[in-house]
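Asks: Remember, my numbering sits 590 above the position in the sequence shown when you count from 1.
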Amino acid sequence: MNNQIQLYRGEVFYFKSSPLESSDSYCYYPEGALAVSDGKVMEAGFYDTLKEKYPAAHQVDYSGKLLMPGFIDSHIHFPQSEMIGMYGKQLLDWLNDYTYPTEKAFSSREYAERVARFFINELLRNGTTSCMAYATVHKTSVDALFSVASEYNMRMLTGKVLMNRNAPDYLTDTEESGEADTRSLIEKWHKQGRNLYVITPRFSITSTHDQLISAARLHEEYPDTYIQTHLSENRNEIESTLTLSSECTDYLEVYERAGLVTDRSVFGHCIHLSDSECHRLVEAGAVVAHCPTSNLFLGSGLFDMQRANRVNMQTTLATDVGGGTSFSLFRTMDESYKIQQLNGYSMSVFESLYKCTQGTAKALQLDDKIGNFKTGREADFIVVDYAATPSQQARKEYLKRNGKWTLENKLFGLQTLGDDRNIVATYLAGNKVYTL
591 MNNQIQLYRG
601 EVFYFKSSPL
611 ESSDSYCYYP
621 EGALAVSDGK
631 VMEAGFYDTL
641 KEKYPAAHQV
651 DYSGKLLMPG
661 FIDSHIHFPQ
671 SEMIGMYGKQ
681 LLDWLNDYTY
691 PTEKAFSSRE
701 YAERVARFFI
711 NELLRNGTTS
721 CMAYATVHKT
731 SVDALFSVAS
741 EYNMRMLTGK
751 VLMNRNAPDY
761 LTDTEESGEA
771 DTRSLIEKWH
781 KQGRNLYVIT
791 PRFSITSTHD
801 QLISAARLHE
811 EYPDTYIQTH
821 LSENRNEIES
831 TLTLSSECTD
841 YLEVYERAGL
851 VTDRSVFGHC
861 IHLSDSECHR
871 LVEAGAVVAH
881 CPTSNLFLGS
891 GLFDMQRANR
901 VNMQTTLATD
911 VGGGTSFSLF
921 RTMDESYKIQ
931 QLNGYSMSVF
941 ESLYKCTQGT
951 AKALQLDDKI
961 GNFKTGREAD
971 FIVVDYAATP
981 SQQARKEYLK
991 RNGKWTLENK
1001 LFGLQTLGDD
1011 RNIVATYLAG
1021 NKVYTL
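1) Give the DSSP-derived three-state secondary structure of residue 934 in the structure shown.
2) Check for me: the alpha helix (DSSP H) holding residue 1000 runs from which residue to which?
3) Are the CB atoms of residue 1019 and residue 968 nearer to each other than 8 Å?
4) Does the Cβ-Cβ distance between residue 610 and residue 899 come in under 8 Å?
5) Comparing alpha-carbon positions, which option in 840, 598 and 631 lies nearest residue 965?
6) For residue 723, I'd like the list of residues in its chain whose CB is within less than 6 Å of its CB, leaving aside the five on either flank, ordered along the chain.
7) Could you round the C-beta distance between residue 920 and residue 1009 to whole angstroms and report it? I think they count as a contact, below 8 Å.
8) What three-state label does DSSP hand residue 592 in the structure shown?
9) Starting from residue 859, trace the beta strand (DSSP E) both ways and give me its first and last residue.
10) Please determine, among 882, 822 and 752, the residue with the shortest C-alpha to C-alpha distance to residue 804.
11) Taking residue 1016 as part of the beta strand (DSSP E), name the residues at either end of that continuous run.
12) Take residue 769 and list the residues in its own chain whose beta-carbon comes closer than 6 Å to its own, dropping the five residues that flank it on each side.
13) Please classify residue 715 as buried or exposed, where buried requires at least 16 other C-beta atoms within 10 Å of its C-beta.
14) Could you check what DSSP says for residue 697 in three-state terms: helix, strand or coil?
15) Report the rounded CA-to-CA distance for residue 1007 versus residue 961, giving the unit in angstroms.
16) Sort out for me which residues DSSP pairs residue 893 with in a bridge.
17) Return the chain-ordered list of same chain residues with a C-beta closer than 6 Å to the C-beta of residue 941, the five sequence neighbours on each side being excluded.
18) Can we say the region 930-941 touches the region 620-635, given the rule of at least three CB pairs closer than 8 Å?
19) Which complete beta strand (DSSP E) runs does the region 663-750 hold, if anything under 3 residues is left out?
20) Pull up the distance between the alpha-carbon of residue 640 and that of residue 629, whole angstroms please.
21) Sorted by chain position, which residues of the same chain lie with C-beta nearer than 7 Å to residue 651's C-beta, five sequence neighbours on each side aside?
22) By Cβ distance below 6 Å, which residues in the same chain neighbour residue 879 in space, the five residues on each side in sequence not counted?
23) Report the residue ranges of all beta strand (DSSP E) runs contained in full by the region 790-844; include only those spanning at least 3 residues, in chain order.
24) Name the DSSP beta bridge partners of residue 955, please?
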């Protein structure tokens, strides 16, 4: 068995609990190593200890580099990969001008597979090893993304978009066809390999109440699937939603009436929530995916992380490509930090990083599989260079001269200045799938 063990040497870092709940929330081994066998983590610890414990292990030397769990992106649109950074005013205009015409092409399996491959390669290049992604209304888009992810043995969560109103005819389904297609895709893909299915009504504007009820019915039938949709991203969106659902007092009630607010529901954005909506999300155990680059790019608003923390809301960080402007969760962390600065809250790098790794895994009820380096976890990890660019190198030398080259300053530099250039290698289940 020892011949199968891989021992990766480098600085090792991972979370074991939330930094908001404990001052002892992470493990850090400055002279560390990660032992991996058969795609699973055996243990993380000090290099000298593990070298002695596993003398026959094959060693891979990443000295001076950081080994950490791969990023988990909890809200991203794979069909929008090619339309990233499109000028589009605000949300509803942007959807009509760019998103819907772009998604039309995903009726082609060949096209969908090409974009899926590009999408996954961009994720891996940016250190993202798992994601919860939106496909399109077409079954072919889901088949393509799950198929390509399976080639890489990547943990993929996705699902067919449900959309039966207020969208172009070429992108709409019906309550009946949407439910039938979703059931078929669940039976085909859910829990096959590392794939997990996400029931995906785009948002209430594009789904009737009956379609939302059918989505909830599917989740009741398959309770270990997930639900993803959008909530309170944009003020015009909220106004349109309440016009269509005049019997509801707020946006969240639309989903509550349909039975879609559960502990396996992930709501994108959630910028303009009332206090009541916040508390009801917490009571349900639902998850909020904060998408800072998208919120700034589309002028949607400034998410209040301090309030979310105060009410104990499960909050993750996500890219929301292509409303979001980068596949990199380093760039996402940076923009989230700036938003919270504007809100009067200096969010620590440990909180930011937790909400891209272990925190997201826990929110998705997957922390027994991914997000940390505890024994038996799937060996999805990244190798990170602290100083991949001249400015990062100059910063490193300055901090060393002044005796301040601490873990916090190392990580904060990655958050503030990091991007895909800092990702040296990406591993999925112990296999290297990307190298710089």
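Note that the Cβ used here is the ideal one computed from N, Cα and C, for glycine as well. Only a predicted model underlies this, so the values are computations on that prediction, with no experimental measurement involved.
Replies: The relevant details are as follows:
1) coil
2) 997-1007
3) yes
4) yes
5) 631
6) 666, 668 and 748
7) 6 Å
8) Caution is warranted here: a pLDDT of 38 is assigned to residue 592, below 50, making its placement in the model unreliable, and the coordinate value is therefore given only provisionally. Helix.
9) 855-859
10) 752
11) 1013-1018
12) 804
13) buried
14) helix
15) 23 Å
16) Beta-bridge pairing links residue 893 to no other residue.
17) 609
18) no
19) 718-724 and 745-749
20) 18 Å
21) 599
22) 664, 665, 856, 858, 906 and 908
23) 816-821
24) BP columns for residue 955 are empty, so no partner.
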